[in-house]
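With the sequence shown counted from 1, adding 1 to any position gets you the working numbering.
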Amino acid sequence: MAIRVALLGTGNCGSLALRQLITDARFDLTGVWVSTDAKVGKDAGELAGLDVTTGVTATNDLDAIIATKPDCVVYTAMGDTRPREALADVRTFLSAGINVVGSSVGALQYPWGLLPDKAIQKVEDAAREGNSTVFFTGVDPGFCTDLLPFALAGTCQSIEQIRTMEIADYATYDGATVMFDVMGFGRPISTAIGDLPILYQPGVLSIAWGTAIRQLAAGLGIEVDEIRDSVEQEPAPEDLNVAVGTIKKGTVAAVRFLIEGMVGGKPVIVVEHVTRLHPDLRPDWAQPAHPGGSYRVEITGEPSYFCDIVPMSRNGGAPYAAILAAAGRIVNAIPDVVAAPPGIRTTLDMPLVTGKGVVAAT
Numbered sequence: 002m003a004i005r006v007a008l009l010g011t012g013n014c015g016s017l018a019l020r021q022l023i024t025d026a027r028f029d030l031t032g033v034w035v036s037t038d039a040k041v042g043k044d045a046g047e048l049a050g051l052d053v054t055t056g057v058t059a060t061n062d063l064d065a066i067i068a069t070k071p072d073c074v075v076y077t078a079m080g081d082t083r084p085r086e087a088l089a090d091v092r093t094f095l096s097a098g099i100n101v102v103g104s105s106v107g108a109l110q111y112p113w114g115l116l117p118d119k120a121i122q123k124v125e126d127a128a129r130e131g132n133s134t135v136f137f138t139g140v141d142p143g144f145c146t147d148l149l150p151f152a153l154a155g156t157c158q159s160i161e162q163i164r165t166m167e168i169a170d171y172a173t174y175d176g177a178t179v180m181f182d183v184m185g186f187g188r189p190i191s192t193a194i195g196d197l198p199i200l201y202q203p204g205v206l207s208i209a210w211g212t213a214i215r216q217l218a219a220g221l222g223i224e225v226d227e228i229r230d231s232v233e234q235e236p237a238p239e240d241l242n243v244a245v246g247t248i249k250k251g252t253v254a255a256v257r258f259l260i261e262g263m264v265g266g267k268p269v270i271v272v273e274h275v276t277r278l279h280p281d282l283r284p285d286w287a288q289p290a291h292p293g294g295s296y297r298v299e300i301t302g303e304p305s306y307f308c309d310i311v312p313m314s315r316n317g318g319a320p321y322a323a324i325l326a327a328a329g330r331i332v333n334a335i336p337d338v339v340a341a342p343p344g345i346r347t348t349l350d351m352p353l354v355t356g357k358g359v360v361a362a363t
């Protein structure tokens, strides 16, 4: 019997997840929630960019989604700019007996040591009330910062440092909120707190990717003493025309940030992001394994590893392929989430999501 699934949020990741929910026979789409009035009433097929009519039309009413009685909701609504509201949405679904899988409440990937105990307990209480499960994942943070390094670490006899990296050219990425408000591209370079975008406000990086640090530490059986973060910004040498608009000369056009999990004064677990809007910017920063971008895991130990993954797609560049991978991991996790015990689940206690059911021959 198909699993009944509703989806919240039809942005870059949500629309790609919606496409799979419509075309994958394992799932029965019950509803779609949207945040913009212009999308209300549109068919899910149109919102997914498919030439099909599903009969499921979009709503901006959360109660209407609950009324469709899904077994699970895919939560890809914007969480970066509305974390409290997104967390409240998750609790609402859980207490109603609806499982939740998604990407945009990133702190729930591994909240312990990051979110207040009271906030975590509220989620656990809602899950217990509804006998439901929540699992948040993605690519980075997600399988490139947990599943992949865990697989490699499991072959090591000793480890001094694990570093995960996203090295990407975002020139083809068209998400305006993420590019301008969250990451600060096109803004004047500034270190004043009042002028910083959301992601570089004090402590935000350590929460957003602290989930990856804490989860890796838990899997490795070590305690992180503290999490540190730092940011470097590089101005555009000239006006740059990118998918999201024009980046004026002198404004932010490349960013490098680090999140470091410190153990005994040493950075033992490191997450690094290098994001450019032109490949020639800051050649001294890490370079991708393939034009457009790659993900990398470096392990210093015995043995050491230098592992690159290059997401690719016939329908878009590297950023599109990475978002497609995030959507795929979320949707393919649904059967295991529905079957899991109630509560907050992580990569450490979920079964391996293998992609069962997605081979074309099946």
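Beta carbons are placed, not taken as given, at the ideal position from N, Cα and C, and that holds for glycine.
Computed from a predicted structure; not experimentally measured.
Residue i and residue j closer than 8 Å at C-beta
i, j, result
"Gly107", "Ala65", "no"
"Ile214", "Ile228", "yes"
"Ile4", "Asp29", "yes"
"Cys145", "Ile270", "no"
"Leu48", "Leu19", "yes"
"Val91", "Val124", "yes"
"Tyr174", "Met180", "yes"
"Asp170", "Ala319", "yes"
"Asn13", "Val35", "no"
"Met184", "Leu206", "no"
"Tyr278", "Leu221", "One point to set straight first is that residue 278 is Leu, not Tyr, in the sequence displayed. Going by C-beta atoms, Leu278 is not nearer than 8 Å to Leu221."
"Pro236", "Gly251", "yes"
"Val243", "Ala172", "yes"
"Pro203", "Asp182", "no"
"Thr93", "Leu63", "yes"
Among the options, the one whose alpha carbon lies nearest that of residue i
i, options, result
"Thr168", "Ala213, Met2 and His291", "Inspection of the sequence shows that residue 168 is occupied by Ile rather than by Thr. Per the Cα distances, His291."
"Ala87", "Ser105, Val332 and Cys308", "Ser105"
"Gly312", "Ala326, Ala26 and Pro304", "One point to set straight first is that residue 312 is Pro, not Gly, in the sequence displayed. Looking at the Cα atoms, Ala326 is the closest of the given residues."
"Ala341", "Thr24, Arg5, Arg20 and Val135", "Val135"
"Val339", "Val232, Val75 and Thr69", "Val75"
"Ile23", "Pro352, Gly329 and Arg346", "Gly329"
"Ser305", "Arg315, Val243 and Gln162", "Gln162"
"Ile335", "Asn100, Pro112 and Pro150", "Asn100"
"Val245", "Gly114, Thr58, Val6 and Thr178", "Thr178"
"Gly98", "Asp170, Val6, Val253 and Met263", "Val6"
"Gly139", "Asp126, Ile324 and Gly265", "Ile324"
"Gly46", "Ala59, Ser36 and Trp210", "Ala59"
"Gly143", "Leu8, Gln216 and Asn316", "Gln216"
"Val359", "Val256, Arg27 and Met184", "Arg27"
"Asn1", "Ala361, Thr192, Gly317 and Cys73", "With the chain running from 2 to 363 in the structure shown, residue 1 is simply not present."
"Thr37", "Leu51, Thr11 and Thr54", "Thr11"
"Gly294", "Ser191, Gly317, Phe94 and Gln110", "Gly317"
"His274", "Arg297, Asp126 and Leu95", "Arg297"
"Ser191", "Glu233, Gly50 and Asp147", "Glu233"
"Gly302", "Ser231, Leu153, Ile260 and Lys357", "Leu153"
"Arg346", "Gly80, Gly50, Arg129 and Pro117", "Arg129"
"Glu261", "Lys249, Arg188 and Ile208", "Ile208"
"Met79", "Trp113, Asp52 and Ala89", "Ala89"
"Cys308", "Tyr321, Arg257, Lys357 and Pro150", "Pro150"
"Thr69", "Gln122, Asp44 and Leu8", "Leu8"
"Phe137", "Ile331, Arg283 and Arg257", "Ile331"
"Phe186", "Val256, Lys119 and Gly195", "Val256"
"Leu349", "Gln110, Gly114, Gln122 and Pro289", "Gln110"
"Ser96", "Ala287, Leu353, Gly344 and Ala361", "Gly344"
"Val102", "Thr355, Lys357, Met351 and Gly266", "Met351"
"Gly211", "Asp147, Gly50 and Trp286", "Asp147"
"Asn333", "Ala322, Thr355 and Thr247", "Thr355"
Three-state secondary structure (DSSP) of residue i
i, result
"Asp62", "coil"
"Ser105", "coil"
"Leu153", "helix"
"Asp196", "helix"
"Lys43", "coil"
"Gly50", "coil"
"Ile260", "strand"
"Ile190", "coil"
Residues sharing a beta bridge with residue i, DSSP
i, result
"Met166", "Glu273 and Arg297"
"Arg5", "Asp29"
"Trp34", "Leu9 and Thr60"
"Gly246", "Val243"
"Ala255", "Glu235 and Arg277"
"Ser159", "Glu303"
C-beta neighbour in chain C for residue i, strict 8 Å
i, result
"Val232", "This model lacks chain C altogether; it includes just one protein chain."
If we require 4 or more residues per run, which alpha helix (DSSP H) segments fall completely within the region 281-359? 319-333 and 335-340
Extract the residue ranges of the alpha helix (DSSP H) inside the region 71-151, only unbroken runs of 4 or more that lie entirely within it. 84-96 and 118-131
What are the start and end residues of each continuous alpha helix (DSSP H) run of 4 or more residues lying completely inside the region 199-238, in chain order? 205-209 and 211-221
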